[in-house]
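Residue numbers (this note's numbering), protein chains in the order written: chain A, 1 to 210; chain B, 1001 to 1354; chain C, 2001 to 2104; chain D, 3001 to 3545.
All C-beta atoms, glycine included, are put in the ideal place defined by N, C-alpha and C.
Following: one structure in structure tokens, then a few remarks.
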Ligand code: HEA
Ligand code: HEA
Ligand code: CUA
Ligand SMILES: [Cu+2]
């Protein structure tokens, strides 16, 4: 819904109104996205209340350094996109294109690290659904922890992937000077949200060992 | 008065102390409901009569209700509703706080039967025998999906969950036999997952403990099984009920039904002593021997119109289990037009009442 | 048929933006907070570990929302949308976790 | 061609299928919804017929289980949730705020097709897969079930996105597309109700989507998110499901309340007794409605403390509805009441909704719900609200806006007659359910004790009466499409904005900007005193005639 060029559509009185509507529409949509993850946060809260020990042990199993690296990456990427919207607002499409492309590249890096983590888990016998050698000796509730871990980070990774696709598309359009500021704004909002969600996932799945 | 209201509202007989308290609140709340609905209706009617349009497109004055009236009405109603909540919540807490010294009964639910076991090792399926005048605490769990233990006469209901224990209690004070329903949807035979609670006088209960069979117990136990002997004997499960549970344990019901419906395999309803057409063109009467062989060597005699997908259970199914399943299949031979069960419903057998 | 009464069509006007400085400062703050949180996670805070980590996360998300997503200077409706969503997640999580925590 | 009505602005099928006109999209939504109602109703009738006998007489339990699942799923997700918002809301929202369309017309069309795809997948899944879990899909039954829940989950998931997109669209439309100078507190109340509904749609539906995905993942990959063997908790599934589904019941009733507000004012020619009270109560329901979900789980094994909190919060949300009922009733005071079909439906609504709502309060009274949970009392409660309330309002809306949508009048006499039939049939069908519930008849029961048979028979008779009355309604409305008298722009002499454009409206809704001099509930002047800005718009209609 964020795409669309700079043309005003017939039912809007002015381009400003249209831009405002798109931006607000994006906010409402993001509110919806937050609730999508909300279900997983609620499960985390309840299951952590049930299995505090298993959750702490599970978090310790995750690599905090990699998780933190990923946090820094996403924040940086978000920052680049923010700069991009700023450049675009001043009419510098090409500069914005470079920033947005950079953000997308960092997103790819994030996914690379994430898949590395997944593979490491598989290697040490941790699979979703409580399958794998790890669970033979893990405390009760570990299965739930890792199932939630895979579900939540997996859904987030899907969002990152979608974000990379739209960022790349936006970068191309920007380079061709074919992307309106309000369209880029909408993409940026989405990307910031993906970042914000990770900012919460990170302590829950990488830091809270105790 | 209470008795009259109870009958007007079609509520079952109150057979426990708690149920009488709950009903009192029930009458108040339903009374308010009626009052509210008819009040609104009456006011509407009055306004319609009084302010009927007299001409086309008449002008009308602007009337706006003062804020204070609005808040007052809203506040008063809130007070009423919160009042309901206070009483209801206290009763609800009561329903979850069994008194000390309650007799504990473990209830196990599974598709589609209720099993009871007492601390002294006594077990039964389908019939729970309790003494009047003593609080009974139920500790429930489920072997498979969620079920719900519902006894209308005591106004109690509690879900039985797999992997967890939940509990509820009741204080029966009226001798009689009361139906138990499963109230959480749990599959095909959800609507037949019934049992009974037999409340005996203290004296009869004592006799029952000694091994006698008071008439009420016999009647409840001998109530022709809800299909397949779910309501079985009292002290020990009957063989058929055991068979049913074995069949469910071994997953037979993922291919066979007991209600006449064709599934992956032929239905077991009416199977016993039926003349079966085999794939090789022969016919055979489904007696015990054939049934047993069908479990151990299914491919040997394929029923016509089915795929040879049934796995062999030789070495898997123990001999007693196989026999029990056969016994169970034998009970499925009922006549579909006869009443399945005459449930002792609201009318607790009056001669039992002291 | 639509464009006759809008001279600005197709020519986006420069928009007032907060300027690069705000972004850089927020970014710096985010990095510092990330590092703090990471370090604190090794500090054996016991039961406080989780609340502290979440509080820091909340501050960071607030920074992202306010400055990257420009909620500071956006219409109230946008802010309401964001805040309501977060509020409801908290309600969902707490009212269901309370159940688990207070079961007997 | 500025004067062409939206119906004639293009007559090819393509011009309908690819339209971005909110009115056409609304009409198409309506047709699909009515179809869903007919399918869901057919299954209801089959169920009722089967329940004539305590052990059933023409289906197996397995078939019966599938039928109530079909009935519940279709009625809730295919019919009721999109019914008033997506059909009437789409048609009316822009007209009521003086806009030329919704904010995102292409998205709007996308919602329609997403809905269609979801509906097809759902029905196919229900029929072919034979899903038998009930509309609540409780685990672990649903995740172990040998029958396919998967396509149904997928279908409902898809429809969920249609709902979310419609919600986003409407929220933005109300915020950003209002005519110049149209202030919030001047909006027609129907707009408020659709707005509040959209908030719920946007915030609640994603939780359902996520829950269904987890359930699907459980089913396919056996991840066991709710599996007790692996430390999961089936009750948490219920928390998540009801976090959506309780607010969803307000998705089903708020738009209906909006319809009632409009009809009461128009047919009593009165301002609402308190516009603000209705607005705040509408928003209150939407927001507080999110905090009561646990009242569906009083016997499910949640903690006493949590249950108590949910019980109390349920009492709070009920107040808002009560305030609305009082306001509607009071609106009649000193009005000029004409007893047209829509108003009769409104009266039916008032009576039945108070009953349904107050029995909601009754089941929210915790100790009482222990007896009623999962019995026919609950079935009666929600049919009183959803059929007695929402369907009744839906029929009111259908008659009230029929002239606006089609440009024709329905036959009034038949309208009154079938309204009486609907009311009678309804009472006969669902009053027995209360009594059955009291007796202890659990829901989703194919076999039941013989003592309960008489009440079931009465209910079945009522259901057929109800269906008959609905068929008559359908019949004369179809007839009126062709043979009904021409309606003119404002046959009810209403003050609301949507009547200030010709019937049927032109493709771009308003030829001249909406004049706001007269408010939507201003009846101080009567019709004889035409409002400035009304006149020019009448002309094209006159030429057509
Ligand atoms: C449109 C749908 C709709 C609406 C609006 C409601 C409204 C309400 N519902 Fe209902 N409900 C359902 C649809 C709906 N419900 C469904 C579908 C189920 C079953 C789901 C399933 O299990 O399949 C259900 C189940 C359900 C339960 C669970 C029952 C159980 O399973 O055991 C509860 C429990 O608290 C409940 C409560 C309420 C309450 C308190 C309201 C309140 O919002 C009602 C407020 C209204 C009023 C209070 C009426 C106005 C009052 C007056 C005008 C006052 C009268 C005057 C005087 C007293 C003087 N509902
Ligand atoms: C919107 C919701 C809705 C509506 C309208 C209805 C309508 C009806 N419902 Fe039902 N019902 C539910 C939602 C609804 N229901 C839900 C959610 C459940 C729970 C399911 C579960 O347990 O999982 C349920 C369960 C349920 C049960 C309990 C089943 C059980 O637990 O075993 C019963 C039993 O009698 C029943 C009956 C009926 C009847 C007779 C109608 C009648 O009112 C139907 C009459 C309608 C028609 C016959 C259609 C005729 C219409 C046309 C021909 C088109 C006309 C078109 C225009 C006028 C435009 N319903
Ligand atoms: Cu067991 Cu329903
Ligand atoms: Cu509810």
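Apply the 10 Å Cβ neighbour rule to residue i and answer buried if 16 or more other Cβ atoms are within range, or exposed otherwise.
i: residue 1231 of chain B; result: Any reading at residue 1231 of chain B is ruled out, since the residue's pLDDT is 36, under 50, leaving its predicted position unreliable.
i: residue 3301 of chain D; result: buried
i: residue 3223 of chain D; result: buried
i: residue 1007 of chain B; result: exposed
i: residue 3547 of chain D; result: Any answer about residue 3547 of chain D is impossible in this case: the structure gives chain D only from 3001 up to 3545.
i: residue 1278 of chain B; result: exposed
i: residue 3405 of chain D; result: buried
i: residue 3340 of chain D; result: buried
i: residue 1287 of chain B; result: exposed
i: residue 2073 of chain C; result: exposed
i: residue 3185 of chain D; result: exposed
i: residue 1026 of chain B; result: buried
i: residue 1280 of chain B; result: exposed
i: residue 1097 of chain B; result: exposed
i: residue 1226 of chain B; result: For residue 1226 of chain B, the pLDDT reaches just 37, beneath the cut-off of 50, and the residue's location in the model is therefore unreliable, although a value from the coordinates is still provided. Buried, since its Cβ has 16 or more Cβ neighbours within 10 Å.
i: residue 1034 of chain B; result: exposed
i: residue 1345 of chain B; result: Model confidence at residue 1345 of chain B stands at a pLDDT of 32, short of 50, so the residue's coordinates are unreliable; what they give is reported in the following sentence. Its Cβ being crowded by 16 or more others within 10 Å, residue 1345 of chain B is buried.
Short check: CB of residue i to CB of residue j, under 7 Å?
i: residue 3383 of chain D; j: residue 3430 of chain D; result: yes
i: residue 3252 of chain D; j: residue 3080 of chain D; result: yes
i: residue 3239 of chain D; j: residue 2094 of chain C; result: no
i: residue 43 of chain A; j: residue 148 of chain A; result: yes
i: residue 3342 of chain D; j: residue 3263 of chain D; result: yes
i: residue 1159 of chain B; j: residue 1184 of chain B; result: yes
i: residue 3090 of chain D; j: residue 3013 of chain D; result: no
i: residue 3155 of chain D; j: residue 3131 of chain D; result: no
i: residue 1138 of chain B; j: residue 1105 of chain B; result: yes
i: residue 31 of chain A; j: residue 3172 of chain D; result: no
i: residue 1181 of chain B; j: residue 3234 of chain D; result: no
i: residue 2026 of chain C; j: residue 2067 of chain C; result: yes
i: residue 102 of chain A; j: residue 80 of chain A; result: yes
i: residue 3407 of chain D; j: residue 3496 of chain D; result: no
i: residue 3270 of chain D; j: residue 3211 of chain D; result: no
i: residue 3362 of chain D; j: residue 1197 of chain B; result: no
i: residue 3176 of chain D; j: residue 3103 of chain D; result: yes
Taking 6 Å as the cut-off, is the CB of residue i close to at least one heavy atom of ligand 6?
i: residue 1193 of chain B; result: Inclusion of ligand 6 in the displayed structure is not the case, the ligand content consisting of ligand 1, ligand 2, ligand 3 and ligand 4 alone.
Below 8 Å on C-beta distance, what does residue i contact in chain F?
i: residue 203 of chain A; result: No chain F is part of this structure, whose protein chains are labelled A, B, C and D.
*Going along the stretch 3217-3239 of chain D in order, which residues come within less than 8 Å of chain A, judged by CB to CB distance?*
3217, 3221, 3222, 3223, 3224, 3225, 3230, 3231, 3232, 3233, 3236, 3239
*Which residues, in order along the stretch 59-90 of chain A, keep a beta-carbon less than 7 Å from a beta-carbon of chain C?*
64, 68, 71, 72, 75, 78, 79, 82, 83, 86, 89, 90
*Determine which residues of the stretch 3006-3032 of chain D have a Cβ less than 9 Å from any Cβ of chain C, and write them out in chain order.*
none
_Beta carbons nearer than 7 Å to chain C: which residues of the stretch 162-190 of chain A have them?_
180, 181, 189
*Interface positions of the stretch 2069-2086 of chain C facing chain A (Cβ-Cβ less than 7 Å), listed along the chain*: 2069, 2077, 2078, 2081, 2082, 2084, 2085, 2086
*Closer than 9 Å, Cβ to any Cβ of chain B: which residues of the stretch 3311-3324 of chain D, in chain order?*
3311, 3312, 3314, 3315, 3316, 3318, 3319, 3320, 3322, 3323
*Name, going along the chain, the residues of the stretch 3166-3181 of chain D whose beta-carbon falls closer than 7 Å to a beta-carbon of chain A.*
3168, 3171, 3172, 3175, 3176
*What alpha helix (DSSP H) runs, 4 residues minimum, are completely inside the stretch 80-139 of chain A?*
93-123
*Quick one: complete beta strand (DSSP E) runs, 3+ long, within the stretch 1051-1124 of chain B?*
1103-1110, 1113-1117
*Taking a Cβ distance cut-off of 7 Å, strictly less, list which residues of the stretch 114-134 of chain A are near chain D, in chain order.*
128, 129, 130
*asked:* Please give me, in chain order, every unbroken run of the beta strand (DSSP E) with length at least 3 that falls completely inside the stretch 3338-3367 of chain D.
replied: none
*Can you list, in chain order, the residues of the stretch 3083-3104 of chain D whose Cβ is nearer than 9 Å to any Cβ on chain A?*
3094, 3099, 3100, 3101, 3102, 3103, 3104
*asked:* Taking beta-carbon pairs under 9 Å, can you tell me which members of the stretch 1171-1205 of chain B lie near chain D?
replied: 1179, 1181, 1182, 1183, 1184, 1185, 1186, 1187, 1188, 1189, 1190, 1191, 1192, 1194
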